[in-house]
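Note that the protein sequences, when read in sequence, are chains A and B. According to full-length UniProt numbering, the first sequence is numbered sequentially starting from 1. According to full-length UniProt numbering, the second sequence is numbered sequentially starting from 1. Reading through the structure tokens given below for one structure.
Protein chains: 2
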Amino acid sequence: MLSLKHVIEECQYGRVVASNPLIGQYTTSAIQDLLTSLFGIASPSSKRELIRLILRILNLEGGRKDQLQSRASPSSPMKPTDMAKEGTEMTEETEHMIEKNGAKETETVVSAGDAKEMRAVILSGFGGLNKLRVTKKAMPEPQEGEVKIRVKACGLNFLDLMVRQGNIDSPPKTPLVPGFECSGIVEAMGENTKGFEIGDRVMAFVNYNAWAEVVCTPLDYVYNMPDDMTFPEAAAFSMNFVAAYMMLFEVANLREGMSVLVHSAGGGVGQAVAQLCSTIPSVTVFGMASSFKHEAIKDSVTHLFDRNIDYVQEVKKISPEGVDIVLDCLSGENTGKGLGLLRPLGTYILYGSSNMVTGETKSFFSLAKSWWQVEKVNPIKLYEENKVIAGFSLLNLLFKQGRCGQVKTVVEKLFSLYNQKKIKPVVDSLWALEEVKEAMQRIHDRGNIGKLILDVEKSPTPLMASDSTETSEAGEEEEEHEGDNDNKERMPFIQ
Amino acid sequence: MLSLKHVIEECQYGRVVASNPLIGQYTTSAIQDLLTSLFGIASPSSKRELIRLILRILNLEGGRKDQLQSRASPSSPMKPTDMAKEGTEMTEETEHMIEKNGAKETETVVSAGDAKEMRAVILSGFGGLNKLRVTKKAMPEPQEGEVKIRVKACGLNFLDLMVRQGNIDSPPKTPLVPGFECSGIVEAMGENTKGFEIGDRVMAFVNYNAWAEVVCTPLDYVYNMPDDMTFPEAAAFSMNFVAAYMMLFEVANLREGMSVLVHSAGGGVGQAVAQLCSTIPSVTVFGMASSFKHEAIKDSVTHLFDRNIDYVQEVKKISPEGVDIVLDCLSGENTGKGLGLLRPLGTYILYGSSNMVTGETKSFFSLAKSWWQVEKVNPIKLYEENKVIAGFSLLNLLFKQGRCGQVKTVVEKLFSLYNQKKIKPVVDSLWALEEVKEAMQRIHDRGNIGKLILDVEKSPTPLMASDSTETSEAGEEEEEHEGDNDNKERMPFIQ
């Protein structure tokens with residue numbers, strides 16, 4: 001049997017785990033029993049998996065568990081309830097973030113109460129979660145051709161974790177404000193800039209700087225939202241649905257009767273892919289997801305597999321010929337597997353490399369392994385096998401390759417599908433800016449189903465009992481929504 | 001100055017060239033002058049090119065030149081006129097082929113006049129032109145599920161040269177009858193086989209064995225021809241148009257306003273690509289072709305470049321952003337160039353490796369160069385650049401990967417476009433089975449504009465004066481069609 005101490009020592013969040021009163025006193029097998037009884041999770045198969053599960057418990061403990069089960073419904077995306085009132089290390093960290101507001105020299109600091117300041121998440125340098133903090137920054141003003149947006153909600157993507165680690169191609173300099181998408185209300189326009197009215201409800205792409213109370217971004221990246229769409233939905237919509245649509249219908253050529261394999265079926269892109277596939281007749285979707293998500297998302301895909309199994313064999317059992325489209329956000333060995341699974345004329349699309357993120361900080365080992373050990377492809381082999389391999393990066397398309405016009409057309413098509421109630425973004429959970437670390441940890445652990453949203457107007461986790469009243473409304477429904485079945489209710493999936 | 005003798009010694013067809021009374025007496029510079037005055041061809045830049053030109057003259061001399069310029073019109077594909085009455089070595093070779101009919105032990109020989117025999121082209125082993133001969137073989141009979149077709153016309157593709165050289169993936173055993181496509185009349189059906197009537201005019205794919213008077217092929221590979229389509233058109237249609245259509249519309253996703261680059265714009269696939277692009281509004285086609293074809297095909301593409309120039313630079317001058325689709329039948333260094341030319345979300349498709357064929361026989365050097373030096377592609381680079389790379393092999397799709405159903409749907413769409421007069425196969429020239437060597441040389445030298453057809457009912461080149469009457473009709477128009485301008489008339493290109 002593993003020594004829990006040994007497990008904890010290996011864990012990057014050792015301090016958090018060891019000092020947690022709930023965890024510290026248990027042996028590994030006791031932890032496993034606890035996991036099973038509390039969450040129905042089977043025994044982890046490795047130390048690493050056990051660590052992940054412990055971290056998940058820590059995130060869930062003290063109210064956060066309730067948060068995952070409360071108030072979610074198709075018409076009103078789930079709002080998290082209070083953080084625990086117990087002073088766990090995690091909440092102490094959050095407190096630390098808030099207290100340090102404005103303390104960094106590299107940030108432009110303005111005194112509290114000044115209308116020329118705003119809150120923003122700052123990444124002070126590439127690295128772990130401790131590089132993130134919320135501070136006050138000078139209010140940006142729109143240049144010619146730009147729209148100034150009072151932000152309501154921001155999307156959090158796996159890519160943001162890679163940015164935090166500096167694990168991307170030509171990263172910008174730090175300090176920076178992360179975030180590539182938001183929704184909000186138009187507050188001003190640059191000189192000679194037309195196309196929007198002050199007060200317009202908009203969804204926008206931003207080349208960094210989205211995680212703030214106010215952003216300015218060029219006109220071409222801003223879209224009027226459908227009337228029925230909420231701000232969290234809009235922030236959950238832009239990157240995931242545009243990427244899913246372009247991959248399925250512009251890079252590949254999804255048509256009736258085809259089959260699609262998607263990794264991370266429970267994630268934001270995965271759920272968008274599943275919904276878009278359901279708009280075409282007789283499309284078979286093979287999805288991979290952690291077992292604990294299966295109950296919640298099983299209706300969104302045709303065949304669902306555990307993410308740890310040998311999916312190549314499982315897919316071949318069902319469809320010996322393979323599949324028409326493989327969407328891979330993992331990279332590494334999955335590239336070769338995906339190509340191998342393609343039917344003739346099938347398309348493999350790499351749209352992320354989340355396998356590069358193996359820990360909290362950048363791992364040169366995993367980076368090198370992913371980058372260099374991705375099987376390079378000989379075009380003549382593609383010729384013999386009639387196969388297609390593609391890469392898709394929406395950010396590069398928008399911000400390096402200037403394809404705003406094409407993306408705008410896609411957004412219009414997607415809004416039309418939304419208005420016809422054929423698609424609807426799945427929001428996993430809402431977080432205050434000050435909770436960005438916990439939100440990142442959740443996406444890192446693949447704990448989410450659908451999209452994580454930073455709700456700019458949400459109060460940070462209450463640190464004192466007196467603050468808890470602000471979010472007590474959600475807490476009231478706690479009991480009604482307890483239990484596994486609630487996961488189903490949280491999924492506003494279009495049948 | 002090169003010594004002609006030296007040139008000739010290097011030539012694989014030395015015997016032919018040296019003994020030719022027309023060529024043997026000239027010096028290299030005199031040959032060059034002759035080329036220029038007769039055909040308007042500029043001085044060759046290398047010994048190898050000079051050899052090619054000399055061979056072309058040999059092929060053209062004594063009537064063959066006229067053949068290339070006579071009788072072609074949109075409604076009646078060109079029929080070649082007589083071969084020369086002069087006893088050149090080339091016609092002696094043809095005579096040799098015919099005399100040797102039935103002399104090979106490996107072939108099933110039946111006595112002349114027997115209804116159970118048929119003529120066929122036989123490849124006795126992989127290698128040069130001398131491995132090809134016409135012989136009589138036992139008449140094939142249809143198995144269950146097969147259709148027996150009395151062949152009228154067969155298509156000749158660059159791929160057939162690669163087959164001849166054994167320059168393909170897992171080549172079959174020799175002796176074999178080459179050829180993958182034909183048109184003709186249904187003569188019988190296998191047991192329990194329905195779907196066609198005896199007498200139906202059909203177009204068919206065959207997994208080898210097309211170059212014969214009779215073929216049997218499975219039902220799934222046979223299609224009823226449109227009423228207005230001639231047999232040579234049908235034989236020119238199947239592979240080229242199906243490949244062009246599937247590449248443009250199923251592998252890539254050709255839409256309004258896009259741009260397409262195609263190598264060998266004057267070839268069968270190239271002309272099919274150009275025509276199919278003209279069915280979509282505002283598609284820009286960049287084509288490469290030998291200069292002497294430019295006058296003939298200039299109206300079929302938007303921008304036409306000489307095949308020997310640096311097309312990357314030329315395309316970028318016109319379209320700095322590059323192109324949306326690159327169709328490459330050459331492979332080798334063109335793969336890297338093609339990928340480099342792609343716009344974001346653009347698709348590079350490799351559909352042949354004709355650069356592998358550098359001489360008459362298989363060259364391991366060129367094979368290795370093409371295969372191993374094709375730049376392998378890192379999927380993560382595709383991700384960063386938003387690019388797509390694909391391979392397309394219609395033969396593998398049909399005969400190894402069993403996608404007959406999908407191809408049938410494509411054939412139906414193409415026949416519809418043909419009936420609407422939006423597309424029309426371009427036939428370069430018709431050849432008797434016994435002229436297959438000359439036809440292959442012509443495609444090897446890239447002398448063709450559109451498709452080379454083996455006309456099964458065409459009499460072989462007349463060897464005696466008395467035979468010439470059979471084809472004198474075409475010869476009568478000789479003078480009317482002389483000169484460069486006739487190339488334009490030969491191009492039944494849809495505007």
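Cβ coordinates follow ideal geometry from the N, Cα and C atoms, glycine included. On a predicted model such as this, the values are computed, not experimentally measured, just so you know.
Where the alpha helix (DSSP H) containing residue i begins and where it ends
i: E187 (chain B); result: No alpha helix (DSSP H) holds E187 (chain B); the beta strand (DSSP E) holding it covers E181 to M189.
i: L161 (chain A); result: F158 to Q165
i: R442 (chain B); result: V436 to H444
i: Y383 (chain B); result: P379 to E385
i: M239 (chain A); result: F231 to Y245
i: H294 (chain A); result: H294 to I297
i: T335 (chain B); result: E333 to L341
Beta-carbon separation (whole angstroms), residue i vs residue j, contact threshold 8 Å
i: V283 (chain B); j: M258 (chain B); result: 6 Å
i: V186 (chain B); j: V206 (chain B); result: V186 (chain B) to V206 (chain B), Cβ: 14 Å. No contact.
i: A153 (chain A); j: A235 (chain A); result: 4 Å
i: L339 (chain B); j: V323 (chain B); result: Actually they are not in contact, since the Cβ atoms of L339 (chain B) and V323 (chain B) sit about 11 Å apart, beyond 8 Å.
i: S429 (chain A); j: L452 (chain A); result: 6 Å
i: G405 (chain B); j: G268 (chain B); result: In fact, because the Cβ distance is near 24 Å, the residues do not count as touching under 8 Å.
Alpha-carbon to alpha-carbon, residue j and residue i
i: G127 (chain A); j: V251 (chain B); result: 41 Å
i: S300 (chain B); j: F292 (chain B); result: 15 Å
i: F241 (chain A); j: F305 (chain A); result: 23 Å
i: Q150 (chain A); j: C216 (chain A); result: It should be noted that the sequence gives Arg, not Gln, for residue 150 (chain A). Those two C-alpha atoms are separated by around 9 Å.
i: A84 (chain A); j: E434 (chain A); result: Caution applies to A84 (chain A), whose pLDDT of 32 falls short of 50 and renders its modelled position unreliable; the value that the coordinates give is listed next. Approximately 15 Å between the Cα atoms of the pair.
i: G145 (chain A); j: G195 (chain A); result: 10 Å
i: P232 (chain A); j: P344 (chain B); result: 30 Å
i: I198 (chain B); j: K408 (chain B); result: 21 Å
i: S466 (chain B); j: R442 (chain B); result: Confidence at S466 (chain B) is low in this model, with a pLDDT of 36, below 50, so the placement of that residue should be treated as unreliable; the coordinate-derived value is given next. So the two alpha carbons sit approximately 27 Å from each other.
i: E350 (chain A); j: I325 (chain A); result: Glu is not the amino acid found at residue 350 (chain A); the sequence shown has Leu there. Distance between the alpha carbons of L350 (chain A) and I325 (chain A): 11 Å.
i: E191 (chain A); j: L219 (chain A); result: 12 Å
i: A439 (chain B); j: I168 (chain B); result: 20 Å
i: S459 (chain B); j: A432 (chain B); result: 6 Å
i: E10 (chain B); j: T302 (chain B); result: The predicted model places E10 (chain B) with a pLDDT of 39, which falls under 50 and marks its position as unreliable; any figure quoted below should be read in that light. Their backbone Cα atoms lie some 39 Å apart in a straight line.
i: Y348 (chain B); j: N419 (chain B); result: 30 Å
i: residue 496 (chain A); j: K437 (chain A); result: This structure leaves residue 496 (chain A) out entirely; chain A is present only between 1 and 495.
i: G166 (chain A); j: R446 (chain A); result: 20 Å
i: T279 (chain B); j: I389 (chain A); result: 27 Å
i: M162 (chain A); j: L123 (chain A); result: 12 Å
i: F180 (chain A); j: Q401 (chain B); result: 43 Å
CB of residue i within 7 Å of CB of residue j, strictly
i: V285 (chain A); j: V315 (chain A); result: no
i: P178 (chain A); j: D160 (chain A); result: yes
i: G287 (chain A); j: A265 (chain A); result: yes
i: G346 (chain B); j: C329 (chain B); result: no
i: N224 (chain A); j: S393 (chain B); result: no
i: G155 (chain B); j: M239 (chain B); result: yes
i: Y221 (chain B); j: L176 (chain B); result: no
i: I380 (chain A); j: Q275 (chain A); result: no
Selection from the options that minimises the alpha carbon distance to residue i
i: A212 (chain B); options: B:A244, B:K137 and B:V411; result: B:K137
i: Y383 (chain B); options: A:N378, A:N386, A:L397 and A:Y383; result: A:L397
i: A120 (chain B); options: B:N130, B:M139 and B:L129; result: B:M139
i: T335 (chain A); options: B:V377, B:L341, B:I309 and B:R307; result: B:V377
i: A289 (chain B); options: B:A234, B:D310, B:C277 and B:T279; result: B:D310
i: L414 (chain A); options: A:G391, A:E295, A:C277 and A:T302; result: A:C277
i: V262 (chain B); options: B:E295, B:F249, B:I280 and B:R307; result: B:R307
i: T174 (chain B); options: B:C182, B:S331, B:L132 and B:E181; result: B:L132
i: E117 (chain A); options: A:L254, A:A210 and A:V214; result: A:V214
i: G391 (chain B); options: B:K421, B:N448, B:S331 and B:H294; result: B:S331
Chain D contact residues for residue i, given Cβ-Cβ distances below 8 Å
i: Y351 (chain B); result: Checking the listed chains, one finds no chain D in this structure; the protein chains it contains are A and B.
Residue range of the beta strand (DSSP E) that includes residue i
i: N396 (chain A); result: Careful: N396 (chain A) lies outside any beta strand (DSSP E) and carries neither H nor E.
i: M288 (chain A); result: T284 to A289
i: V411 (chain A); result: Element bounds for V411 (chain A): not the beta strand (DSSP E) but the alpha helix (DSSP H), C404 to N419.
i: L129 (chain B); result: No beta strand (DSSP E) contains L129 (chain B), which DSSP labels as neither H nor E.
Distance cut-off 6 Å: residue i Cβ against heavy atoms of the ligand NAP
i: I198 (chain A); result: Judged by which ligands are present, the structure shown has none, so any question about the ligand NAP falls away.
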